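Engineer:
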Amino acid sequence: MKYVKWIFVVLLICSLTAFVEKDKPTGGLSEGDVAPDFKIESTSEKQPSFKLGNLKGKYVLLSFWASYDAQSRMQNVSLSNALRSSHNVEMVSISFDEYQSIFKETVRKDQIVTPTCFVETEGEDSRLFKKYRLNRGFTNYLLDGNGVIIAKNISAAELSAYVEKIG
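Residues -20 to -1, 1 to 147 (mature numbering (1 follows the signal peptide of the UniProt record, and there is no 0)) make up the sequence shown, in order.
1. Let me know the secondary structure DSSP gives Asn61 once reduced to three states.
2. If we count the other Cβ atoms within 10 Å of its Cβ and call it buried at 16 or more, is Phe(-2) buried or exposed?
3. Given a cut-off of 8 Å, decide if Ser43 and Asn115 are closer than it, judged by their beta-carbon atoms.
4. So if DSSP puts Leu123 in a beta bridge, which residue, or which two residues, is it bridged to?
5. Are the beta-carbon atoms of Ala50 and Leu139 separated by less than 8 Å?
6. In angstroms, rounded to a whole number, what distance separates the CA positions of Ser10 and Tyr(-18)?
7. Closest to Lys38 by C-alpha separation, out of Ile74, Glu104 and Gly127, would be which residue?
8. According to DSSP, simplified to helix, strand and coil, what is Ser106?
9. Count the C-beta pairs between the region 58 to 72 and the region 88 to 100 that are closer than 8 Å, then say yes if the count reaches three, no if not.
10. What's the gap between the Cα of Val14 and the Cα of Ser66?
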């Protein structure tokens, strides 16, 4: 009987700490911050390397995700679909998968159609992951023409509204 009480106390403490963890902020940059510039190499010979600074003057959606993270993957697909007919926002999709083969298969399966879709094979150890402080989970940022973050963790519906507004 004594052990049952201790087990109950341990379970209660574990369940409470699980809820506390979920409420912690995901980290990363905030609205109003200037997105750090970066350069990323392509995995395809047809696609040149990419430098964020080259998109100055354009709205940019940065989407950070990984194939093993179902939520970020679904978000990436819905954002990609929301921008299919837009010419006002450039989507830059970056996966933190450690294997190019997994990345390529995920892009194929998810039908991600963006010319700026890259993989950072160093995964969470990459400089880009650390530069954007993506310490818990993945996120997306909508940048204005000056590279300032105007929205974070934007949904596809919110993105569609922004696209209509910037016309």
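Don't be surprised by glycine CBs; every beta carbon is placed ideally from N, CA and C.
What you are looking at is a predicted structure, and each value in this text was computed from that prediction instead of being measured.
Structural biologist: Taking the structure as given:
1. What you label residue 61 is simply residue 81 of the sequence shown in a count that begins at 1. In this structure, Asn61 counts as helix in the three-state DSSP scheme.
2. Taking the first residue of the sequence shown as position 1, residue -2 is located at position 19. In this prediction, Phe(-2) scores a pLDDT of 47, lower than 50, which makes its location untrustworthy; the coordinate-derived value is nonetheless stated afterwards. With fewer than 16 other Cβ atoms within 10 Å, it is exposed.
3. Numbered from 1 along the sequence shown, position 135 holds the residue referred to as residue 115. Numbered from 1 along the sequence shown, position 63 holds the residue referred to as residue 43. Contact flag unset, no.
4. Translated into positions along the sequence shown, residue 123 becomes position 143. Partner(s): Val40 and Ile129.
5. Within the sequence shown, residue 50 is the residue found at index 70, counting from 1. Within the sequence shown, residue 139 is the residue found at index 159, counting from 1. Between Ala50 and Leu139, the CB-CB gap reaches or exceeds 8 Å.
6. As a working mapping, residue 10 is identified with position 30 in the sequence shown. As a working mapping, residue -18 is identified with position 3 in the sequence shown. Each residue's CA atom was taken as its position, placing Ser10 and Tyr(-18) some 47 Å apart.
7. Residue mapping note: residue 38 aligns to position 58 of the sequence shown, counting from 1. Nearest to Lys38 by C-alpha distance, out of Ile74, Glu104 and Gly127, is Gly127.
8. As a position in the sequence shown, residue 106 is number 126, starting the count at 1. It is coil, neither helix nor strand.
9. With a cut-off of 8 Å, the region 88 to 100 and the region 58 to 72 count as touching, because enough Cβ pairs lie within range.
10. Taking the first residue of the sequence shown as 1, we reach residue 14 at position 34. Taking the first residue of the sequence shown as 1, we reach residue 66 at position 86. Approximately 23 Å, taken between the alpha carbons.
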